[in-house]
Structures are given as structure tokens and as C-alpha cells.
Amino acid sequence: MDKPDPAQQRINMQTHELLSPAEHKKQIEFQNEAVVHLHALYNYALHITMNPDDAEDLVQDTYLKAYRFFNSFERGTNCKAWLFKILKNNYINIFRKNSKEPGKVDYDLIKDFYHSIKDTRRDTTEADSDYFHTMLHEEVYQALLSLPEEFREVIQLCDIEGFTYEEIANMVDSPIGTVRSRLFRGRKLLRAQLEGYARTNGFTTDTDQ
Amino acid sequence: MNCNEALLLISAAVDGELSFTEKQQFLLHISKCEGCYGEFDDAQRTKMIIKERVVRFKAPQTLINSIMQLTSLSPKETF
Ligand SMILES: [Zn+2]
Numbered sequence: 001m002d003k004p005d006p007a008q009q010r011i012n013m014q015t016h017e018l019l020s021p022a023e024h025k026k027q028i029e030f031q032n033e034a035v036v037h038l039h040a041l042y043n044y045a046l047h048i049t050m051n052p053d054d055a056e057d058l059v060q061d062t063y064l065k066a067y068r069f070f071n072s073f074e075r076g077t078n079c080k081a082w083l084f085k086i087l088k089n090n091y092i093n094i095f096r097k098n099s100k101e102p103g104k105v106d107y108d109l110i111k112d113f114y115h116s117i118k119d120t121r122r123d124t125t126e127a128d129s130d131y132f133h134t135m136l137h138e139e140v141y142q143a144l145l146s147l148p149e150e151f152r153e154v155i156q157l158c159d160i161e162g163f164t165y166e167e168i169a170n171m172v173d174s175p176i177g178t179v180r181s182r183l184f185r186g187r188k189l190l191r192a193q194l195e196g197y198a199r200t201n202g203f204t205t206d207t208d209q
Numbered sequence: 210m211n212c213n214e215a216l217l218l219i220s221a222a223v224d225g226e227l228s229f230t231e232k233q234q235f236l237l238h239i240s241k242c243e244g245c246y247g248e249f250d251d252a253q254r255t256k257m258i259i260k261e262r263v264v265r266f267k268a269p270q271t272l273i274n275s276i277m278q279l280t281s282l283s284p285k286e287t288f
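Take a look at the structure:
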């Protein structure tokens, strides 16, 4: 993306002054309610597209739509969930339905990133002899990537983003019972993957049968 | 509550999504059933691992700037 252009910024300042009080109020509310979730949206977009450019486009487009339809956001409900729903619809429209070829999946980028941070956050539970507590970020991420999308999706929305079942059910257009069972099966699959890594690395665990 | 019923509730128990009565019955069951307790414990630990170990990427500054710019223009100007 381009650097902010000084001329453009002057125009922004001018239009800013010309805004009606109602529009000005909308802006402030949008910043407080919606823009604060930018990092979470980008993170999720990156995990589903696996490509930084696509992730940026997706987030841009999501905020454009969100701002345009901000009046239809039900005040008092979870704005982050509302934004995720828009992002997900955008993703389906842009990448699934035909129009755009997804960019190349950039596994290397993600891998390099995980390499560069490895061990730096392995500080919390080192005294614990349980191998799973000392699992590397990269291994956990690989295990997550190995899951079928329908399982990975609910695990990300629940465990990483902290949404409720009701919010997730709404986002994935499925009943709550489906969310429940996907989470159960997804976590079991993930657990099996992680145990596989643990064995490969010569650890045996108490929970192995 | 039998094992099949308990297994159906495991993810909801892990995520704090059980009703008060469901929770009571579920806890009673796993206090007596080692198999279901094991499943519950595994699921809970798996959730913790994901929470702790999956890295959250931050949006690049260029994206932050463009979103800020997007919302500091009047809608007429932007669209
Ligand atoms: Zn049981």
C-alpha cells in the first residue's frame, strides 16, 4: 500500500472539518467499536488465506463494507463477531465463488515466522514434565493446519478468537450442536497429531494408552 | 447421565457452554467415570495448547494506516 500522501492528508483534514456531526459521531463510534479488532481480523484473514496480500485485501474490503453498513450493526452485540461474519462472507464471495484466484499459499512465510520466534515464549510451564506444555509453536500450528477446514475453522474461532458457540454457529451457518461436535472431533484429531509429534521426538506421555 | 450423553457434552464443558443443570450432571458423571474424565482432560489440555501456542499475527502498519484513512474520510468521499 502507498505511503500517506501529504496532499491527500490535507484533503482528509478538510473533509473532516466538513463532516456533519452525525457522520463525525459515526466515525468515532466505528473507530472504538470496529477498528479496535483490526489485529484479530488480520490474523484470522492470514490464517485462512495463508497469503499476506490476500489477507490485507480481505481486511480492507471487510472494513469498507462494515463502515458502509455500520448502521445495521446491532448496538450492544459483539462487534468483533459481526466483523468476522462479514469477513467470512467476503472470503467466500471473493475466493470460493469464482472471481479471484487465491494468491500462492505462503507456507514459507509462516514457517520462517515460527522459526524466528521459536523458544522465545517457552517460558511459562517449563517445570512441567508434560511434553505438550513445551510443544513448539510451529508443531502446534502444523497440527492445526493438518485438520480438515471445517474442524480447523471452529477451533480457531473458539480457542484463538474466543467466540461463543452461538456466535460461531452464526458465522459458519450451522446449528450449535454441529459446532459442539466439530469442536469435539477437531480437538481429538489435533490431539492425535500432537501425540504423533511427541512420539517422533522421543517423548512418551502419561496419557498415551 | 451415561457415557454417550457425557461425551456429547465434552466440548461444551471445556468451553464453559453448559447450562447449570448440565454442568452438575456432567461433573457428577466424570467424577465417577475415568474414561469420560480422560476425554474431558485431553480436550481441555488441547484447548490450552492452542490458546498458548498458536501465534497471533499483527496487522502491518500500512494496513492500519489505510483503515484509519478509510474511516476518516466522509462516506461521500470514500464511496
Ligand atoms: Zn463415562
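Line order of the protein sequences matches chains A and B. Each residue of the first sequence is one higher than the one before, starting from 1 at the first, in our numbering. Each residue of the second sequence is one higher than the one before, starting from 210 at the first, in our numbering. All C-beta atoms in this analysis are idealised placements derived from N, C-alpha and C, irrespective of residue type, glycine included.
Near residue i, which residues of its chain fall below 7 angstroms by C-beta distance, leaving aside the five closest residues on each side in sequence?
i              : result
K26 of chain A : F70
A66 of chain A : A34, L83, I86
Y91 of chain A : I48, L58
Which of helix, strand or coil does DSSP assign to residue i?
i               : result
D224 of chain B : coil
E74 of chain A  : coil
R265 of chain B : coil
D173 of chain A : coil
E161 of chain A : coil
P148 of chain A : coil
F95 of chain A  : helix
C242 of chain B : coil
L90 of chain A  : Note that residue 90 of chain A is Asn in the sequence shown, not Leu. DSSP places N90 of chain A in helix when its eight states are reduced to three.
F69 of chain A  : coil
L218 of chain B : coil
S20 of chain A  : coil
A143 of chain A : helix
N211 of chain B : coil
D119 of chain A : Confidence at D119 of chain A is low in this model, with a pLDDT of 43, below 50, so its placement is unreliable and no value can be given for it.
N51 of chain A  : coil
Nearest-angstrom Cα distance between residue i and residue j?
i               : j               : result
K260 of chain B : L19 of chain A  : 42 angstroms
R152 of chain A : F163 of chain A : 14 angstroms
M171 of chain A : E161 of chain A : 13 angstroms
D250 of chain B : L216 of chain B : 12 angstroms
R187 of chain A : V36 of chain A  : 30 angstroms
K80 of chain A  : A34 of chain A  : 7 angstroms
Q233 of chain B : V179 of chain A : 22 angstroms
Q156 of chain A : F84 of chain A  : 12 angstroms
F229 of chain B : E243 of chain B : 22 angstroms
A143 of chain A : E23 of chain A  : 46 angstroms
I168 of chain A : A198 of chain A : 31 angstroms
N274 of chain B : K241 of chain B : 56 angstroms
So, at 6 angstroms on beta carbons, what are the nonlocal neighbours of residue i in its own chain, with the 5 sequence-adjacent residues on each side left out?
i               : result
Q278 of chain B : none
T49 of chain A  : A55
S146 of chain A : Q193
Keeping to the same chain, check which residues put their C-beta closer than 8 angstroms to that of residue i; ignore five residues upstream and five downstream.
i               : result
L227 of chain B : L218, A221, F235
What residues in the region 256-276 of chain B have a beta carbon less than 8 angstroms from any beta carbon of chain A? K256, I258, I259, K260, E261, R262, V263, V264, R265, F266, K267, A268, P269, T271, L272, I273, N274, S275, I276
When you check each C-beta in the region 150-163 of chain A against every C-beta of chain B, which residues fall closer than 7 angstroms? I155, C158, D159, I160
Inter-stretch contact at 8 angstroms, needing at least 3 Cβ pairs: the region 136-146 of chain A / the region 239-257 of chain B: no
Listed in chain order, which residues of the region 49-64 of chain A have Cβ atoms closer than 8 angstroms to some Cβ of chain B? Residues passing the 8 angstroms Cβ filter: P52, E56, V59, Q60, Y63, L64.
Please list the residues of the region 31-44 of chain A that have a C-beta atom closer than 7 angstroms to any C-beta atom in chain B, keeping them in chain order. Q31, V35, L38, H39, Y42, N43
Any C-beta of chain A within less than 7 angstroms: which residues of the region 219-240 of chain B qualify? I219, S220, A221, D224, E226
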